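Undergrad: Under the working numbering, the first residue of the sequence shown is numbered 198, with each subsequent residue one higher. Got a structure here, written out as structure tokens. Questions coming.
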Amino acid sequence: MGVTQFNKTAKNAMWRNAVWPESPDRTDSVFDRRAPFRKLRVMIDSELFDESTTSDMRGTPTKGLLLRSLLYNDLIELYRYTETPPASVEPIETGNPNIEPTYEGYAVLYPQKSNGLCPVTYALDDKNASYSGVMGDLYTAARDDATDKTYTGDDAADKRQADAIAVQVADDCIDADIYITTRPYLYAPSRRIAAGRAITICQPDDAISAVSLYLRAQREFIIPTGQKKFRYHLNRGMFYWVGMRELVPETWRWFSACVHHSSGTKDDKLMYLASAVMSRMQRSLELRDQIHIGINSKTNNDINDDVLGTFDNTLMTLMGAIDASARVAHYVLGMNPAKAHNAAWQRDWIKDVAKLDANLAAAVAKGSDNAHRLTVLTKLRNSIHGEAIKGITKQSGNKTETILGLPKDDEADILLSMDALGGRDAWGVKPLGANLNEVNPATLVDKLFEEVVILVNDLMRATPVEKLSHVQAANLTNMPPPPKDNHPTSDTFSEWNRLTIRWQLGF
198 MGVTQFNKTA KNAMWRNAVW PESPDRTDSV FDRRAPFRKL RVMIDSELFD ESTTSDMRGT
258 PTKGLLLRSL LYNDLIELYR YTETPPASVE PIETGNPNIE PTYEGYAVLY PQKSNGLCPV
318 TYALDDKNAS YSGVMGDLYT AARDDATDKT YTGDDAADKR QADAIAVQVA DDCIDADIYI
378 TTRPYLYAPS RRIAAGRAIT ICQPDDAISA VSLYLRAQRE FIIPTGQKKF RYHLNRGMFY
438 WVGMRELVPE TWRWFSACVH HSSGTKDDKL MYLASAVMSR MQRSLELRDQ IHIGINSKTN
498 NDINDDVLGT FDNTLMTLMG AIDASARVAH YVLGMNPAKA HNAAWQRDWI KDVAKLDANL
558 AAAVAKGSDN AHRLTVLTKL RNSIHGEAIK GITKQSGNKT ETILGLPKDD EADILLSMDA
618 LGGRDAWGVK PLGANLNEVN PATLVDKLFE EVVILVNDLM RATPVEKLSH VQAANLTNMP
678 PPPKDNHPTS DTFSEWNRLT IRWQLGF
């Protein structure tokens, strides 16, 4: 679960001057934005990029089709890697008969020469053919790595060598940011083959969240079609709104009841209060993206400040959603409106709730998982009022990353609740020294969202909105409304849209 992180190991490279991008096509507004980042360069094993499957965007999507649709984007430079020339593609005319054939969109490995060179040809399009190769001790070391038991049989050494060569092609020839592969030797526990390299090696399913994060950072919010020529996008707000409704399905029943009640009473107060919960959850997803973008950027003091500031905002926004849900419950239970400001699941207010609805109070009972979720969130949020969460730059070899330190006053309580919710490792907490811990911010924010999503769904489910006036319980459902017509693009909350956005967000 969570968003796959890019490898930030520094690569030895010459200084590059910042180049203003080419002028975009003229648009209606001079303030229309350009894509802020360079193109993402991806290499994928050819057999994983299956173009034979298509879809009309109805029914249940597949992760393979989603990944393919993401990689079709014009902001991505894609190379399909193969150890044999593609039979269905004509080679590019290079005018040089002395080099191996080159194929558009492919990186092709040819048999090793007597001098040890493994020739590679690659081309992004039919106008830019390149010839390169790999050699050296890396694939030889992989071949001789008899201690590794990933492969067995007489061809185990050949397979290890092939996997090592593939990494060299991706990193040394293509200079790829991501290599998408299922080659098992590259995921062996030692991972010696990728040590010190700046490339991100990931499985196809894990690549979805990484590639989509990059595209969202470029303001590309994609719904997959499986077809290169047919693109379908949502705007930013709708993308995260659909994602929020997918992650918190209890909103369909809970919010519908609030809307019906407000409509029947001619008083919009409850509807707006409930809407605040949902909009804050949506906004939190956007902030989560900003944290991941910062974490994946080159680490420095400015990036640390950005990550910490955004994390503070995320905590406040999530806590705001939880507090607003308590006010909804306060209203639903008919509690004193003058005391609505006391409504908070973590306060003594819950004792008054227990007198009116024992089931709702039990949802956050002391010692329950939800009580621990509240503890982690509230203690982290409360750091805004006292000792701040600390950001530290950690250097390990060529790799520089941001790690966090928990506020000391509440660290024991936070860790105790983390232990009850999957353990510290699941939260990205590792011992740094005597009475010191370091926290991986990417793991922390993803685990926090995972737990808060469960909490919000549980609170909405336990809130007896069926008792509100002008609400018919039989009409409440945890599913989106049926589409108005049979065209998939008009059904914003279709299963197709909801699932593909869930996967892109890393859930």
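Glycine included, every Cβ here is placed at the ideal spot set by N, Cα and C. Every value quoted in this text rests on a predicted model; they were computed, and no experiment measured them.
Where T597 and Q400 are concerned, what is the direct C-alpha to C-alpha distance, given to the nearest angstrom?
TA: In a straight line, the C-alpha of T597 is about 23 Å away from that of Q400.
Undergrad: Out of E274, N293 and P298, state which residue places its alpha-carbon closest to the alpha-carbon of A284.
TA: The shortest Cα separation from A284 among E274, N293 and P298 belongs to P298.
Undergrad: Taking only runs of the alpha helix (DSSP H) that begin and end inside the stretch 454–532, which ones reach a length of at least 4 residues, in chain order?
TA: Counting only runs of 4 or more, we get 466–492 and 498–529.
Undergrad: Have a look at W451 and I396 and give me their C-alpha separation to the nearest angstrom.
TA: So the two alpha carbons sit approximately 45 Å from each other.
Undergrad: DSSP puts C315 in a beta bridge; with which residues?
TA: C315 pairs with V331.
Undergrad: Taking the alpha carbon of A385 as the point to measure from, which residue in N675, T344 and W542 has its own alpha carbon closest?
TA: Residue T344 is the option with its Cα nearest to A385.
Undergrad: Pull up the distance between the alpha-carbon of K548 and that of Q424, whole angstroms please.
TA: When rounded, the distance between both Cα atoms is 56 Å.
Undergrad: Is the CB-CB distance between L601 and P638 below 8 Å?
TA: In contact: L601 and P638 (Cβ atoms closer than 8 Å).
Undergrad: Name, in chain order, the residues that DSSP records as bridge partners for L601.
TA: Answer by DSSP bridge pairing, in chain order: G588 and V636.
Undergrad: In the DSSP assignment, find the alpha helix (DSSP H) that holds K576 and state where it starts and stops.
TA: That run of the alpha helix (DSSP H) goes D566 to N579.
Undergrad: Starting from M240, follow the beta strand (DSSP E) in both directions and report where the run begins and ends.
TA: M240 -> beta strand (DSSP E) spans L237 to D242.
Undergrad: Can you find the residues in the same chain that come closer than 6 Å, C-beta to C-beta, to R699, ignoring five residues on each side of it along the sequence?
TA: Excluding residues within five positions, the ones whose Cβ falls inside 6 Å are E443.
Undergrad: Specify the secondary structure class of V408 as computed by DSSP and reduced to three states.
TA: If DSSP states are grouped into helix, strand and coil, V408 belongs with the helices.
Undergrad: In whole angstroms, what is the alpha-carbon distance linking V504 and V642?
TA: Approximately 11 Å between the Cα atoms of the pair.
Undergrad: Which word fits G588, buried or exposed, when buried means at least 16 other C-beta atoms lie within 10 angstroms of its C-beta?
TA: That one is buried.
Undergrad: The alpha helix (DSSP H) that contains G434, what's its start and end?
TA: Counting along the chain, the alpha helix (DSSP H) containing G434 begins and ends at R433 to L444.
Undergrad: Classify L245 as helix, strand or coil using the three-state DSSP reduction.
TA: Three-state DSSP puts L245 in a helix.
Undergrad: Please classify D622: is it buried, with 16 or more other beta-carbons within 10 angstroms of its beta-carbon, or exposed?
TA: Flag for D622 reads exposed.
Undergrad: Measuring only the C-alpha atoms, how far is W693 from G625?
TA: So the alpha carbons of these two residues sit roughly 32 Å apart.
Undergrad: How long is the line joining the alpha carbons of P536 and N204, rounded to whole angstroms?
TA: A quick correction: the sequence has Lys, not Pro, at residue 536. The alpha-carbon atoms of K536 and N204 are separated by roughly 51 Å.
Undergrad: Leaving out five residues before and five after N510 in sequence, what residues of the same chain have Cβ atoms less than 6 Å from its Cβ?
TA: Contacts found: L484.
Undergrad: Using alpha carbons as the reference points, say which of Y307, N634, I419 and D355 lies closest to L267.
TA: Nearest C-alpha to L267: I419.
Undergrad: What whole-angstrom Cβ distance do V668 and H458 have, given they're in contact under 8 Å?
TA: Sure, about 6 Å apart at Cβ, within 8 Å.
Undergrad: Between the C-alpha atoms of V650 and G292, what's the straight-line distance to the nearest angstrom?
TA: Rounded to whole angstroms, V650 to G292 spans 59 Å at the Cα level.
Undergrad: Count the CB pairs spanning the stretch 298–308 and the stretch 359–370 that are closer than 8 Å, and state whether there are at least three.
TA: As far as the Cβ criterion goes, the stretch 298–308 touches the stretch 359–370, which means the pair count is three or higher.
Undergrad: Please return the same chain residues whose Cβ sits closer than 6 Å to the Cβ of S614, not counting the five positions on each side in sequence.
TA: Once the five neighbours on either side are set aside, the close Cβ partners of S614 are H569, T572 and V573.
Undergrad: By the DSSP assignment, the alpha helix (DSSP H) with R699 in it spans what residues?
TA: That run of the alpha helix (DSSP H) goes E692 to Q701.
Undergrad: For G199, count neighbouring C-beta atoms within 10 Å of its own C-beta (all shown protein chains included) and say buried if the count is 16 or more, exposed if not.
TA: Buried, since its Cβ has 16 or more Cβ neighbours within 10 Å.
Undergrad: Going by beta-carbon coordinates alone, are D539 and W546 separated by less than 8 Å?
TA: A small fix is needed here, since residue 539 is Asn in this sequence, not Asp. Cβ distance < 8 Å, so N539 and W546 count as in contact.
Undergrad: Taking just the CA atoms, how far does L482 sit from Y300?
TA: Their Cα atoms are separated by approximately 40 Å.
Undergrad: With a cut-off of 8 Å on the beta carbons, I'd call N595 and E417 a contact; round off their distance for me.
TA: N595 to E417, Cβ: 30 Å. No contact.
Undergrad: For A471, I'd like the list of residues in its chain whose CB is within less than 6 Å of its CB, leaving aside the five on either flank, ordered along the chain.
TA: Excluding positions up to five away in sequence, the list reads F452, C455 and V525.
Undergrad: Quick one: grab the DSSP three-state call for L673.
TA: In this structure, L673 counts as coil in the three-state DSSP scheme.
Undergrad: Could you have a look at G261 and say whether DSSP puts it in helix, strand or coil?
TA: DSSP places G261 in helix when its eight states are reduced to three.
Undergrad: Below 8 Å, can you find three or more Cβ-Cβ pairs linking the stretch 605–619 to the stretch 655–663?
TA: No, the stretch 605–619 does not touch the stretch 655–663.
Undergrad: Output needed for E647: all residues of its chain with C-beta closer than 7 Å, excluding positions within five of it in sequence on either side, in chain order.
TA: So the list reads M198, once near-sequence residues are dropped.
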